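Asks:
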Amino acid sequence: MTSRPTSGPADESDNSPTGDRWTVLAFTVGADRYCISLSAVDAVVGVTEADPLESAPDPWNAGTVTVDGTPVRVVDLPRVFSAGTVERVDDPALVVLTADAVGSDATGTAAESSSQRYGWLVDDVGVTETVDPATIQPVRTSARVIRGQVVLESGRAMVLDERVMHVRK
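Residue numbering for the sequence shown follows the UniProt record's numbering, beginning at 1 and increasing consecutively.
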C-alpha cells in the first residue's frame, strides 16, 4: 500500500448531512460517482497488488490489508455495486474508514456497538467538496446505503451512508 495525500478527517460534526455545510470525499466506481462524509475517512491509500482482493470469493470480505500497522477489512465496491463482470482500473485506491458496526441480538434489539476499520476498494478518488445538506435529493432505491444524490462541482454523485454499509446482522 502506498499513501495518497488526503485532507484527513474533518471534525465529528461533519459526519451527518446537517447544518449549513458538509464536507464529502468523492470517488468513482465504474462509471458512477459516489461521495462519503470526509469525517469518516481515515486515509486514502494506493493499492499496489489488487489481484488477491479482486479475486476473493466474497466482495464484502475481499481480504485484509495492513494500513498504518492496523488490519483493515477490504470491501470490493466495484463487485458489490455491479451485477455483472467488473472492468478493472490499473491503479485502484482504498478509502480507509472507521465505521461503527451495530449488531443485534436474537430479538432484533440493538446490541453493543463496536468500531472497525474498513477499506473500500474504488476505481479513483477525487477531491473533497463542501455541499449544502439541503441540496441532497432523495433517490428511488431500496438500497439503505444510499442517502440520496447531490450535485458536486465534479458532477452528480450518490451519497453513501458508511454507518449503514457495515451493519452486522
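In this text, a Cβ means the ideal position worked out from N, Cα and C, and glycines have one as well. Since we're looking at a predicted model, the values are computed, not measured.
#1: Give the single residue among Val80, Val86, Ser39, Gly63 whose Cα lies nearest to the Cα of valine 72.
#2: Among the candidates Asp124, Trp60, Leu97, whose CA atom is the shortest distance from the CA of tyrosine 118?
#3: To which residues of the same chain is valine 159 closer than 8 Å at the C-beta, ignoring the five residues directly before and after it?
#4: Could you give the residue range of the beta strand (DSSP E) that holds arginine 147?
#5: Short of 8 Å in beta carbon distance, which residues of its chain neighbour valine 139, apart from the five on each side in sequence? Order them along the chain.
#6: Is valine 29 near valine 122, with beta carbons less than 8 Å apart?
#7: On the three-state DSSP scale, how would you describe glutamate 162?
#8: In terms of DSSP beta bridges, what is tryptophan 60 paired with?
#9: For aspartate 132, which residues of its own chain have a beta-carbon under 6 Å away from its beta-carbon, when the five flanking residues on both sides are left out?
#10: Would you list the one or two residues that DSSP bridges to isoleucine 36?
#11: Would you identify the three-state DSSP class for valine 80, choosing helix, strand or coil?
#12: Spatial neighbours of aspartate 20 within its chain, please: CB distance less than 6 Å, with the 5 preceding and 5 following residues excluded, ordered by chain position.
#13: Just the Cα atoms here: how many angstroms apart are proline 92 and threonine 128?
#14: Helix or strand or just coil, what does DSSP make of aspartate 132?
#15: Can you tell which of Ala40, Trp60, Val80, Gly46 has its C-alpha closest to the C-alpha of valine 125?
#16: With DSSP as the reference, label glutamate 71 as helix, strand or coil.
Replies: In this structure, then:
#1: As a position in the sequence shown, residue 72 is number 72, starting the count at 1. The candidate whose alpha carbon is nearest that of valine 72 is Gly63.
#2: Taking the first residue of the sequence shown as position 1, residue 118 is located at position 118. When only C-alpha atoms are compared, the closest one is Leu97.
#3: The residue labelled residue 159 in the question sits at position 159 within the sequence shown. These residues qualify, in order along the chain: Pro17, Val24, Tyr34, Cys35, Ile36, Ile136, Ile146, Arg147, Gly148, Gln149, Val150.
#4: Working through the sequence shown from its first residue, we reach residue 147 at position 147. Segment 146-152, the beta strand (DSSP E) holding arginine 147.
#5: Position 139 of the sequence shown holds residue 139. These residues qualify, in order along the chain: Ile146, Gly148, Gln149, Met158.
#6: Numbered from 1 along the sequence shown, position 29 holds the residue referred to as residue 29. Numbered from 1 along the sequence shown, position 122 holds the residue referred to as residue 122. In contact: valine 29 and valine 122 (Cβ atoms closer than 8 Å).
#7: For the purposes of this step, residue 162 is taken as the residue at position 162 of the sequence shown. It is helical.
#8: Stepping through the sequence shown from its first residue, residue 60 is reached at position 60. Paired residues: none, contrary to the question.
#9: On the sequence shown, residue 132 is found 132 positions in, with the first residue counted as 1. Taken in chain order, the list of residues that qualify is empty.
#10: In the sequence shown, residue 36 corresponds to position 36, counting from 1. Leu25, per the DSSP bridge assignment.
#11: Locating residue 80 in the sequence shown gives position 80, where the first residue counts as 1. In this structure, valine 80 counts as helix in the three-state DSSP scheme.
#12: Numbered from its first residue, the sequence shown carries residue 20 at position 20. Closer than 6 Å at Cβ, skipping near neighbours: no residue.
#13: Taking the sequence shown and counting its residues from 1, the one referred to as residue 92 is at position 92. Taking the sequence shown and counting its residues from 1, the one referred to as residue 128 is at position 128. In a straight line, the C-alpha of proline 92 is about 18 Å away from that of threonine 128.
#14: Along the sequence shown, one-based indexing puts residue 132 at 132. Correct three-state label for aspartate 132: coil.
#15: For the purposes of this step, residue 125 is identified with residue 125 of the sequence shown, where counting begins at 1. Ranking the options by Cα distance to valine 125, first place goes to Gly46.
#16: Reading the sequence shown from its first residue, position 71 is the one you call residue 71. For clarity, residue 71 is proline in the given sequence; the question names glutamate instead. Strand, per DSSP.
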